[in-house]
Amino acid sequence: MVDVARAAGVSLKTVSRVANNVPTVSPALVERVHRAMHELGFQRNNAAAHLRSGRASATIGLIILDLANPFYSTIAAAAAEVAQRHHTQLITASSGRDPARERELALDLCERRVDGLIIVPTGDDQSYLRPEIDRGTPVVFVDRPPTGLDGDTVLIDNRDGAREAVRQLLVEGHRDIGVVTDALNTYTMAERVAGATEELLAAGADPDAHRIEVGTDDPATAGAAVAGMLDAPDPPSAIFCGNNRILTGAIEELLRRRSGVRLAGFDDFEFAHLLPYPMTVVGYDTRALGRLSAELVFQRGHDSTRALTKYVVATYLVRRGVDPGLPHEREPRVG
């Protein structure tokens with residue numbers, strides 16, 4: 071900046087004001103300083119500027135499970151919009167469901183002095199973040215709560231959503247209801263199974279009669295589990311799927327065998343309304359998860375003493391799919 075001031079014939083203070091877009095500098099001086107900057111190849115050191123102003127880097131970090139999953143990409147897009155309004159950039163990374171990778175990414179971002187972190191926890195211990203939080207780094211957890219410490223969280227109402235979906239099946243007269251979940255999303259699936267179980271018990275139905283947990287959310291594996299369920303001596307007349315990947319596998323299997331088993335599942339998804347199979351899905355505002363998480367980061371950054379916040383995003387039921395006119399292999403058993 072000293073060289074720019076010398077070349078422009080102005081004071082160092084004037085160069086600083088121009089670099090920081092202070093509006094009180096006359097247009098003539100601004101033009102002289104910009105010309106000198108261009109001739110000398112000057113570039114403003116944003117990192118240094120933020121350090122002087124008390125900000126770390128004008129960035130926040132987001133650690134999700136899978137960059138290719140539309141659920142997480144939607145959260146990232148919404149969070150990025152909030153960050154932009156705060157003149158901050160969002161750095162997104164994927165843990166790949168690896169707890170060690172989650173920890174590595176989180177601590178690396180903290181070393182880069184990000185202004186805050188949003189994390190979808192994949193491990194069973196986030197206590198490693200305690201020193202960073204104590205040093206003033208705002209950390210918000212989304213989709214599932216942290217383990218080993220308390221923190222601001224934004225969650226889906228998993229339990230009530232599952233309860234409402236199963237209740238709809240029960241209202242239609244189904245009592246033999248299958249439940250298919252996966253073992254990957256421990257917190258979310260536990261909540262969804264709890265909601266389904268509560269509703270089945272309240273109706274006097276056996277919650278474990280047709281329950282399967284698969285080790286992956288791969289649709290083919292879920293489809294095979296559904297096939298085994300339907301080939302049992304006393305198959306269910308309706309099936310509740312724990313997420314959209316399992317629901318996709320169930321639809322593929324039911325279409326393959328031209329079955330008319332009633333379907334319900336968690337997670338609305340793009341093009342669900344075009345699938346050639348009628349279903350009820352649990353929907354929610356995915357963008358709200360990203361928006362609220364990012365807003366909490368900035369709120370925590372402005373006031374580190376504020377009480378911890380827990381947002382729970384409400385769910386709703388929506389009919390999806392198109393009825394292909396398949397015969398019903400088994401009508402619901404009433405009573």
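Numbers 71 to 405, taken from this note's numbering, label the letters of the sequence shown in order. C-beta atoms are modelled at their ideal positions from N, C-alpha and C, and glycine is treated no differently.
Between the beta-carbon of residue i and the beta-carbon of residue j, is there less than 8 Å?
i      : j      : result
Ala148 : Leu160 : no
Val351 : Arg390 : yes
Arg87  : Val95  : yes
Asp227 : Gly312 : no
Arg370 : Arg361 : no
Phe339 : Pro216 : no
Pro289 : Glu322 : yes
Gly248 : Ile309 : yes
Tyr381 : Val224 : yes
Leu366 : Thr379 : yes
Ser81  : Gly206 : no
Ala176 : Leu199 : yes
Pro305 : Leu325 : no
Arg214 : Val190 : yes
Ile133 : Asp185 : no
Met299 : Ile282 : yes
Val250 : Ala297 : no
Arg315 : Thr144 : no
Ser363 : Val212 : yes
Asp246 : Ala279 : yes
Ala138 : His157 : no
Gly42  : Asp195 : Here the chain comprises residues numbered 71 to 405, so residue 42 is not present and cannot be evaluated.
Val103 : Thr84  : yes
Specify the secondary structure class of residue i as computed by DSSP and reduced to three states.
i      : result
Arg357 : helix
Met71  : coil
Arg245 : coil
Val224 : strand
Ala78  : helix
Arg400 : Only weak support exists for where Arg400 lies, its pLDDT of 49 falling under 50; the value from the coordinates is given anyway. Coil at Arg400, not helix or strand.
Asp276 : coil
Tyr142 : helix
Asp230 : helix
Ala294 : helix
Ser123 : Reliability fails at Ser123, whose pLDDT of 43 lies under 50, so the model's placement of it is uncertain and the value that follows must be treated cautiously. Coil.
Glu340 : coil
Ser324 : First, the residue type needs correcting, since residue 324 is Leu and not Ser in the sequence shown. If DSSP states are grouped into helix, strand and coil, Leu324 belongs with the helices.
Ser164 : strand
Val100 : helix
Leu345 : coil
Arg87  : helix
Leu135 : coil
Arg389 : strand
Thr286 : coil
Arg315 : helix
Asn116 : Confidence in Asn116 is poor, its pLDDT being 47 and thus under 50, which makes the residue's placement unreliable; the coordinate value appears in the next sentence. In the structure shown, Asn116 sits in a helix (DSSP, three-state: H, G or I).
Ala377 : coil
Ala334 : strand
Arg281 : strand
Ala147 : helix
Ala128 : coil
Ala302 : coil
Ala308 : strand
Val95  : coil
Mind reading off the beta-carbon distance from residue i to residue j? Whole number of angstroms is fine, and I expect it under 8 Å.
i      : j      : result
Glu174 : Thr192 : Actually they do not touch by this definition, with Cβ atoms about 12 Å apart.
Pro348 : Val388 : So it is not a contact: roughly 12 Å between Cβ atoms.
Gly265 : Ala232 : 3 Å
Val210 : Ile203 : Contact flag wrong, Cβ pair sits at about 11 Å.
Arg237 : Glu261 : Not really, about 16 Å apart at Cβ, beyond 8 Å.
Ser307 : His244 : 5 Å
Glu109 : Ala77  : 7 Å
Leu254 : Asp287 : 6 Å
Is any beta-carbon of chain B found at less than 8 Å from that of residue i?
i      : result
Arg361 : Protein chain content of the structure displayed is limited to a single chain, and chain B is not contained in it.
Quiz item: Would you say the segment 333-344 touches the segment 165-177, given that touching needs at least three Cβ pairs under 8 Å?
Solution: no
Practice problem: Note down, one range per segment and in chain order, each beta strand (DSSP E) of at least 3 residues found wholly within the segment 172-207. | Solution: 187-189
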